[in-house]
Amino acid sequence: MTQIKPSLGIYIHIPFCKSRCIYCDFVSSVDDCSQRDKYVEYLCRQIRSASEDFSDKYTVDTIYFGGGTPTLLDDKQFDLISKEIFKRFHCALKEFSVEANPCTIDREKLITLKNIGVTRLSIGVQSFNDELLKMLGRRHDARRAEDAIRLAVELGFDVSVDAMIGLPNQTKFDVKDFIDRADTLGVEHISVYMLSVEEGTGLKSLIEQGKLIAKNDDQLADLYEYACLCLKERNFQRYEISNFCKNQKVSHHNLRYWQRLDYLGLGMGAHSLTNGERWNNSDNFKDYYDGVDKGDCRRNIQKLSKEDIESEYIMLAFRLQKGIDLSEFNKKFGENFLMKYSKAIKKNLEFLEVTSTSVAIKDKYLQLMNSIIVDFI
Amino acid sequence: MPKDQSNIRNFCIVAHIDHGKSTLADCIMDVTQTVAKRDAKEQLLDSMDIERERGITIKLTPVTMKYKYNGEEYTFNLIDTPGHVDFTYEVSRSLKACEGAILIVDASQGIEAQTLTNVYLALDNDLEIIPVINKIDLPSARPDEVKAEIEDVIGLDAQNAPLISAKECIGIDEVLKQVIELLPPPSGSYDAPFKALIFDSYYDSYKGAISFIRVFDGEVKAGDRIKMCVTGKEFEVTEVGVFVPKMQARDTLSAGDVGYLCASIKNVSDTKVGDTILMASDKISKPLDGYKEASPMVFSGVYPADGSKYNDLKDALEKLKLNDASLMYEPEVSTALGFGFRCGFLGLLHMEIIQERLEREFDLDLVTTAPSVSYKVIKTNGEEIIVSNPSNLPPAGDIDHMEEPVVNAFIYTPPEYVGSIMELCQDKRGEFINLTYLDTTRVRIDYVMPLNEIIYDFFDTLKSRTRGYASLDYEIADYKRSDLVKLDMLLNGEVCDALSLIVHKDKAYARGRGIAEKLKDVIPRQLFEIPIQAAIGGKVIARETVKAMRKDVLAKCYGGDITRKKKLLEKQKEGKKRMRQVGSVEVPSEAFMSILKI
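Chains A and B, in that order, give the protein sequences. The first sequence begins at 201 in this note's numbering and counts up by one. The second sequence begins at 890 in this note's numbering and counts up by one.
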């Protein structure tokens, strides 16, 4: 009988977009397809060399293609990358997710993905209000998004959609409409993000120029709380601060991040956690290619101390609805969480749900998470 | 070598800020080849960074120069003077060390407010004054009108005033010629027993406290045993010398000389500004008159922003005190701010300078409380106590009445601002005493005013209401019975001792309201709602609310990148460490400072 190996999630970064959305500060480049073949080639090379280090230590149980816009890849490119992973790693997948843009999927594309083994699509819908979509610089309209969702559901994918809350001009009606429509279409997972206006984005400069009016913290919180309420009415469970699902359709890959389970990020700028080390790949093409050529494109390698791991564990576990599992904490760190953090717990008692088995932030205070967590780290 | 004072000239330069005092000093050093102009670190006499930045002189640095005129060699001692009301006493001591003064007036701006106070001080000290018109190279220069102004306003003959440009070093020889011809030489006696005035002091870690002196009579040399008249302490002189402008040792200093004296004095408070030095054996000579003990007027709590830096702050204060005898401090404990010091200063500028030096020279982050004056509290049992920290005020029931220090304030202004100034003084609880027309362009207004009104924003407001034309001088007069109350600020129901103030009853409401509003802006939203209340005794007179925080989250976590979140949380944690805990409320250090100007 073979020994059971620890599980691993693989993240593949596809840094291409047709156009940049005004709120985005992620690693992505707006390109004309010319780079893509080269990038896929290097990505495959990185998969090969990473497999030498990791393949015999782990069993891969989740794969996640993120971006950028992974669905900009053509069928052949997709096939190359997936085959490389399947060939080099031992996989027993419970989830294979791909981020998709409504404009870049059609029936053929989805059938291809299905055949490759993709089980879940995370569709970047953001809103069903055409004016808001236009303002954000998204290329799709509501109808297009609905068609894409319908198709994905029909073909048997688990479908997740992203919703953005707190956009300038966004109303409660928009929020409720989004959730109602998504639910009606058969979506079983919704990620709800509160808009944060990042430096250097188009959104930031439009706000600074006075062309858009940003919502203040109270308005943002009101709208987010309203979204939570609508989701609850539609029987979506909040299992993580910004993730809601029906029928236990959680994102297994994303849960790895919160549970501090190992994941391997491949591709430009991707982040990894393996064997108590965090690192990321170079985040520009030139350095990334050079790194792959030299056989190492890891940057910012951090060897985590026991204290680092503990505070990461707390910080991440508090994001989850179930919070910190006391016996798991004890097993991992050999200490009693309630005793060790009695002062912080006492100070924040009003905001915590403390039971004999767990400590979690009360649902209605999750939005205040940072202020609570700083007392624990 | 026969000694002769006839070739010595001791003088200072009097000017309004920006009229070119330091530039002229640099220029004179250049002409006399004391310091090449290109070597002068801009304005050499203002040696502290803070002085150079603010363009003001705090520390007096004298300089001795040689100049040949008509085949004779002259010795010039130029003594610079501070230009702020906090240091009026120091100015008067410097002036006392001189026989004459150069009055600089800007050729385009003419006489301005501040010039006058120092001119009058110079005249009070019987100094001969040479008016000089500066910046004649500017296109807007109007030398003839300015000459007439000098004659009209001050009553000095300005017909022969040199027209100069200190910046371009034009006309400097004429200034020096007049210094020689018009200023009297010193008139002390070589044969009389040694007598010298201390006009400043400085602490050197090798030589100890160094006295800056003007010798009036006799002579002093290394090995002499001297005594300080005020403290009665005796020392043996280890070195005497002059400033060129660096210290240069000499065998002796004698009548008429300006220089320094070292005597292994461990503490600057043993060499007090204004004190007289005599020979220890001299039982007959009388000290020079005019000595005044430097007494702090303004008090404030000074705390390290990081509580663990208490000892660093203590060391820093000890070191500053070595150099600044007028700085007073004693340990104090605040519930909100922890361990710190109650410090006493000559005035607001002095306070700002000390705080700035602590932060810059000693790399400390400080939290300071609102400035206070010292109040006299007469208790119901007849006991009388002095309180300079509002938290130390006895319970209201034990107080019979309170008295506050008042000053005689003299304001010089062009007549058009009289109305506005009187309104301001009235608003600051001033009691009108007198109004005198000095001439058609200048008025002097006398008020008796509570010191605690002057220490806030009086000076700034006065300047802004008069476009900078009015000048203020004041002297401490007395204590006066007053209807004073303690104003407390409550955060979430708890009194924050570091925010308490003693104010006049009529001002309490506005003050309390202003502070509450300000605190509402600077205290960040927290997990719970925070009521901010201003109260007198148990009575709340103003209330604001910091609403509970609604959102504090960074939800996006892209592709497992948690480093950004970690950094954000660590930053937040650092920020939290710098917060002061008042009951359950976290108060940023800035909050204590933000109320200073309300």
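For every residue, glycine included, the Cβ atom is placed at its ideal position computed from N, Cα and C. Predicted model, so just to flag it, every value in this text is computed and none were measured.
B:Y1363 classed as buried or exposed, judged by whether at least 16 other C-beta atoms fall within 10 angstroms: buried
Own chain residues within Cβ distance below 6 Å of B:A1366, not counting five before or after: V1295, V1296 and N1297
B:E1293 (DSSP reduced to helix, strand or coil): strand
Chain-order list of residues whose beta-carbon lies under 6 Å from that of B:D1254 (same chain, five-residue window excluded): A1194
Simplified DSSP assignment, three categories, for A:A560: strand
Extent of the continuous beta strand (DSSP E) to which A:C430 belongs: That residue, A:C430, is in no beta strand (DSSP E); its alpha helix (DSSP H) goes D417 to E433.
Per-residue burial, A:Y239 [other beta carbons within 10 Å of its own, 16 or more giving buried]: buried
Residues near B:I897 by beta carbon distance below 6 Å, same chain, minus five either side: T964, P1074, P1075 and G1145
Extent of the continuous beta strand (DSSP E) to which B:S1100 belongs: G1097 to D1106
Expected contact under 8 Å - CB spacing of B:I1425 and B:V1471 to nearest Å: About 19 Å; that fails the 8 Å criterion.
Three-way DSSP call (helix, strand, coil) for B:G1286 in this model: helix
Residue closest to B:F1218, alpha-carbon to alpha-carbon, out of B:P1339, B:L1071, B:P1185 and B:D1026: Here residue 1218 of chain B is Tyr; the residue named in the question, Phe, does not match the sequence. Minimum Cα distance to B:Y1218 is reached at B:P1185.
Amino acids of chain A, ordered along the chain, whose beta-carbon sits closer than 8 Å to that of B:V1442: M394, I441, L566, Q567, L568, M569 and N570
C-alpha gap between B:V994 and B:E1207, whole angstroms: 40 Å
B:K1465: contacting residues in chain A (beta-carbon distance under 8 Å): V574
Straight-line Cα distance separating B:V1042 from B:L1327: 8 Å
Closest residue to B:L1197 among B:M1338, B:I1154, B:A914 and B:R1469 (Cα-Cα distance): Here the sequence assigns Ser to residue 1197 of chain B, which means Leu is not the residue at that position. When only C-alpha atoms are compared, the closest one is B:R1469.
Cβ-heavy atom distance, A:R434 to the ligand ATP, below 7 Å: Absence of the ligand ATP from the depicted structure is noted, as is the absence of any ligand whatsoever, leaving it without description.
Alpha-carbon spacing of B:L1211 relative to B:E1063, whole angstroms: 41 Å
Chain-ordered neighbours of A:A421 on chain B, where CB pairs are closer than 8 Å: R1439 and K1440
Interface partners of A:D418 on chain B, CB under 9 Å: K1436, R1439 and K1440
Sub-8 Å separation of B:R1432 and B:Q1422 beta-carbons: yes
Given A:Q567 as reference, the closest of B:V1119, B:A1437, B:H905 and B:A1285 once Cα atoms are compared: B:A1437
Separation of A:A470 from A:R478, as counted between CA atoms: 11 Å
Own chain, CB closer than 8 Å to B:I1322, minus 5 neighbours either side, in chain order: N1297, D1335, Y1336 and V1337
Completely contained alpha helix (DSSP H) runs for the stretch 444–499 of chain A, where each covers 4 or more residues: 452–459 and 485–494
A:R344: contacting residues in chain B (beta-carbon distance under 8 Å): Going along chain B, no residue has its Cβ under 8 Å from A:R344, so there is no contact; the nearest lies around 24 Å.
Separation of B:T977 from B:A990, as counted between CA atoms: 16 Å
With 16 other Cβ atoms within 10 Å as the buried cut-off, status of A:V260: buried
CB contact below 8 Å: B:G1196 versus chain A: no
Interface positions of the stretch 247–281 of chain A facing chain B (Cβ-Cβ less than 7 Å), listed along the chain: G266
A:L243 in three-state terms, based on DSSP: helix
Partners in chain B for A:H471, counting only beta-carbon separations shorter than 9 Å: Y1447, G1448, G1449, D1450, I1451 and T1452
B:H1239, DSSP secondary structure in three states: helix
Top-ranked residue by Cα proximity to A:Y223, from A:E507, A:G476 and A:M335: A:M335
When B:G1464, B:Y1368, B:G1233 and B:L1016 are compared against B:K878, the one with the closest alpha-carbon: Chain B is shown from 890 up to 1487; residue 878 of chain B falls before or after that span and cannot be answered.
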